[in-house]
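Reading through the structure tokens given below for one structure.
Residue numbers (the UniProt record's numbering): 1 to 495.
Below, the structure written as structure tokens:
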């Protein structure tokens with residue numbers, strides 16, 4: 001079989017990894033598969049599935065995953081519920097040394113958990129430095145807005161991954177922190193000065209110097225690097241900046257080529273070829289459907305015409321990752337799973353904080369009314385814990401089981417009678433008012449009534465800019481259960 005398929009990292013077919021997954025990797029010769037939540041509904045069975053797949057295939061195969069912690073996780077069973085990167089960044093604002101220690105421990109524990117399932121390559125950590133303006137594609141996924149802080153936390157997490165034997169991948173090169181739109185949907189343009197480019201590149205430069213094995217690029221236009229081409233298709237960005245200036249010798253992998261940001265780039269086969277020609281060793285394609293023949297034919301014709309002259313060099317780099325992350329190398333190291341619950345709780349306790357309590361509403365006084373967002377519309381692409389679908393369970397987690405509960409909408413205005421007892425303390429769990437007008441409506445209406453109001457930011461830290469002065473605000477640093485439990489302690493005055 002041609003070696004061209006080894007330049008592909010493909011989205012795994014939905015569901016258990018069986019005949020469909022085997023057929024896909026046999027047909028393409030792909031070096032590996034990226035796993036998603038549909039593949040991990042029963043994670044305890046994954047090692048058995050991977051053993052079967054590897055034995056039937058008869059050659060090395062890598063399982064990769066985007067498991068960042070916090071906002072982006074792919075399974076809830078056999079996994080610690082991590083507060084996430086933004087929470088670590090919040091800890092670092094007060095105690096950098098403690099945050100770095102915890103970041104390293106998170107990398108170690110997360111790496112061990114993933115390897116215990118047979119997964120050898122984690123497409124993390126996120127090394128983007130966010131700005132002061134809302135970033136819809138990152139938000140809670142980033143380690144912070146200070147380049148040095150992000151650098152040190154990223155290095156610490158990489159050390160932890162390394163100790164666990166997990167192959168890591170720094171992303172999203174050359175830095176997505178200033179983006180105002182999400183590449184999943186449209187193409188961002190970052191007009192950075194050379195100084196700003198260096199600031200966003202600092203975490204990548206440091207990680208490369210520390211031996212970073214892989215870098216993932218992002219679909220973004222950065223004129224400071226290339227005035228004409230998106231980074232994914234730019235040899236100036238990949239060969240000149242990443243390879244020559246930053247001296248990166250590891251594997252360069254694209255983000256998913258089927259994202260909205262690449263929609264104007266042509267068909268999937270042409271985009272794949274151009275991505276490899278730009279200098280990527282690997283192209284990620286998550287697309288479902290019958291695209292395989294067109295991509296493989298295009299790559300074969302290009303190779304026959306000498307249009308992939310660096311193919312051998314790319315294979316040599318890819319082989320280094322395969323040697324460490326092949327299923328056959330990962331599964332023998334399986335250990336009994338022990339959740340790092342205490343570590344997650346400690347991070348949450350240090351990260352969650354009261355932004356302001358000008359009216360002295362904390363700890364809250366009864367009676368209490370709790371406003372909870374209905375997250376069902378976004379549950380297909382965000383993996384929520386069960387408490388988000390069980391209001392009484394959420395109230396228990398927050399330590400206010402007797403609260404009156406009101407469900408709010410993300411998109412629509414929730415029609416309520418706001419004329420009520422002014423002695424009631426209203427607790428609004430705010431889920432991204434910048435993105436969802438229904439959440440902004442609830443914030444505005446409750447603030448306008450002059451009732452006692454505590455706003456808890458769970459999804460978008462930039463929502464704090466929209467909360468009127470005089471309102472009590474708690475930044476939960478995320479929406480996972482460790483943070484929600486700490487919010488409850490602050491509400492009750494026990495945190």
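The beta-carbon is built from N, C-alpha and C at its ideal position, and this holds for glycine as well.
In the three-state scheme derived from DSSP, where H, G and I count as helix and E and B as strand, residue 169 is classed as coil. Counting of Cβ neighbours within 10 angstroms places residue 97 among the exposed residues, the total staying below 16.
Here residue 254 carries a strand assignment [DSSP, helix/strand/coil]. Secondary-structure assignment with DSSP links residue 369 through a beta bridge to 404, 426. DSSP lists 65 as the beta-bridge partner residues of residue 122. The Cβ neighbour count for residue 342, taken over all protein chains shown within 10 Å, is under 16; the residue is labelled exposed. For residue 32, the enclosing beta strand (DSSP E) covers residues 32-35.
Residue 222 and residue 174 have their C-alpha atoms spaced approximately 9 Å apart. In the DSSP assignment, residue 292 is bridged to no other residue. A straight-line Cα-Cα distance of about 27 Å links residue 447 and residue 87.
Assigned with DSSP and collapsed to three states, residue 146 falls in coil, not helix or strand.
Counting only the Cα atoms, residue 424 lies some 27 Å from residue 349.
Residue pairing for residue 8: DSSP places it in a beta bridge opposite 283. A direct Cα-Cα distance of roughly 9 Å separates residue 41 from residue 74. Going by C-alpha positions, residue 119 is about 9 Å away from residue 50. Among the bridge pairs identified by DSSP, residue 189 is matched with 221.
The closest CA to that of residue 257, considering only 242, 89, 478, 230, is found on 230. Judged by DSSP secondary structure, residue 54 falls within the alpha helix (DSSP H) whose first and last residues are 46-57. Per DSSP, residue 327 is one residue of the alpha helix (DSSP H) stretching across 327-330. Restricting attention to alpha helix (DSSP H) runs no shorter than 4 residues, the region 413-486 encloses them at 437-449, ordered along the chain. Cβ-Cβ separation between residue 314 and residue 7: approximately 6 Å, consistent with a contact (criterion under 8 Å). The three-state secondary structure of residue 395, taken from DSSP, is helix. For residue 44, the closest alpha carbon among the candidates 123, 79, 492, 14 is that of 79. In the three-state reduction of the DSSP assignment, residue 353 falls in the strand class, which pools E and B.
Across the structure, residue 216 and residue 170 are spaced so that their CA atoms are roughly 6 Å apart. Under the Cβ criterion (8 Å, minimum of three pairs), the region 190-208 counts as touching the region 144-153. Taking 8 Å as the cut-off, the beta carbon of residue 251 is found closer than this to the beta carbon of residue 214. Shown here, residue 364 sits in coil according to DSSP, grouped into three states, outside any helix or strand. DSSP, read as helix, strand or coil, puts residue 216 in strand. The beta carbon of residue 311 is closer than 6 Å to none in its chain, skipping five residues each way along the sequence. The straight-line gap separating the alpha-carbon atoms of residue 415 and residue 386 is approximately 26 Å.
Considering only 346, 485, 180, 303, the residue with the shortest C-alpha distance to residue 400 is 485.
For residue 106, the secondary structure class from DSSP, reduced to helix, strand or coil, is helix.
When DSSP states are grouped into helix, strand and coil, residue 322 belongs to the helix group. Straight across, the Cα-Cα distance linking residue 323 with residue 374 is about 45 Å. Residue range 194-209 is occupied by the alpha helix (DSSP H) that includes residue 195.
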